Amino acid sequence: MYAITIPVPGGPEALVWAEVPDPAPGAGEVLIDVVAAGVNRADVVQRQGFYDPPPGASPYPGLEVSGRIAALGAGVSGWAVGDEVCALLAGGGYAEKVCVPAGQVLPVPEGLDLVTAAALPEVTATVWSNVFMVGHLRPGETLLVHGGGSGIGTMAVQLGKAVGARVAVTAGGPEKLERCRELGADVLIDYREQDFVEELHKVTGGVGADVVLDIIGAKYLAQNIEALAVNGRLVIIGLQGGRTAEIDLTKLMLKRAAVAGTTLRARPLEEKAAIVAAVREHVWPLIAGGRVRPVVDRTLPVREAPEAHRVLEESTHVGKVLLTF
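Heads up: the sequence shown at position 173 corresponds to 173 in UniProt numbering, and the numbers run straight through without jumps.
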């Protein structure tokens, strides 16, 4: 088969289309003929040489795909050759074929085409596991989403609204904020022009956010704690603003607040399977019912993966960028 490889880490030009050995499904795995793959910031970091795949995972980038099942490994039940599916991966999505643990495979939601389904696994698993399984967002609470125009952000806005929360977003510029408003965001904050803590406290009467979903990390840590309500939960899923910061623990204690940091890629298979099962139970009906939809900024042929990475690094997109095979 052919895949996008990274012979030497570097810029987008480091992504090289090359012939590589075909994968074969092991016990408990399915082999998927890939139709489309989602592009994520984790892929960019891996290309730069700073995010190696977990042990045993494919060395090629790509954390989510859609396609058709080509073969079943020993012990797999509930799936058949030819089934149209999408899947959450630990790596290997930028390839014509990929092997996936069966517990990380999902059916294509009713009413959705196969290519667009590639936009779903990573964002739905990330948002559901962090906002709901870790952050315990409840109806009537306020959710603050940083990077509201990203793939994760556009899904977090919709799922927050679907469960009856008030959703605030930060994004750069009026165009991205308008797209967030169209998806249901109640509070729009331009981080380039506004202080998100000040704006959030204005609209909440000084209460703050019950849950903050953060992709920035160190740069926003102190502000995120200021933005939290009493008993608030800050969930950090990205480090675009650095890894190290100091906080005033008194503020955290007085608010009885919690700070959690999570990753998805390196979790044990049983944890990923539990997250995927929860997504299928809770999110797939919302998609089938039209209440939640994947937001796709653009699709590009897989050989244009370097251009896809440039788009992500420029942050001009809204929603997901997909590669098609």
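Each residue gets a CB set at the ideal place from its N, CA and C atoms; glycine is no exception. Just so we're clear, the structure is a prediction, and the values are computed from it rather than from any experiment.
Query, Result
"Can you tell me whether DSSP reads ILE247 as helix, strand or coil?", "coil"
"Using the Cα positions of VAL131 and PRO121, report the straight-line distance between them to the nearest angstrom.", "15 Å"
"Taking the continuous alpha helix (DSSP H) assigned at ILE267, which residues delimit it?", "Note that residue 267 corresponds to Arg in the displayed sequence, not to Ile. It is not in any alpha helix (DSSP H) - ARG267 carries neither H nor E in the DSSP assignment."
"Ends of the alpha helix (DSSP H) at THR116?", "Note, THR116: premise wrong, no alpha helix (DSSP H); not H, not E."
"Among the candidates GLY28, GLY111, GLU19, LEU15, whose CA atom is the shortest distance from the CA of GLU270?", "GLY28"
"Report the three-state DSSP secondary structure of ARG68 (helix, strand or coil).", "strand"
"With burial defined as no fewer than 16 other Cβ atoms inside 10 Å of the residue's Cβ, what is the status of LEU254: buried or exposed?", "exposed"
"Per DSSP, which one or two residues make a beta bridge with ILE236?", "ASP214, GLY261"
"Closest to PRO25 by CA distance: which of GLY147, GLY38, LYS97, ILE275 is it?", "LYS97"
"Can you tell me whether DSSP reads GLU110 as helix, strand or coil?", "coil"
"For ALA171 versus GLY148, is the C-beta spacing smaller than 7 Å?", "yes"
"To the nearest angstrom, report how far apart VAL321 and VAL311 are at their CA atoms.", "8 Å"
"For the beta strand (DSSP E) that VAL98 lies in, which residues bound it at each end?", "97 to 101"
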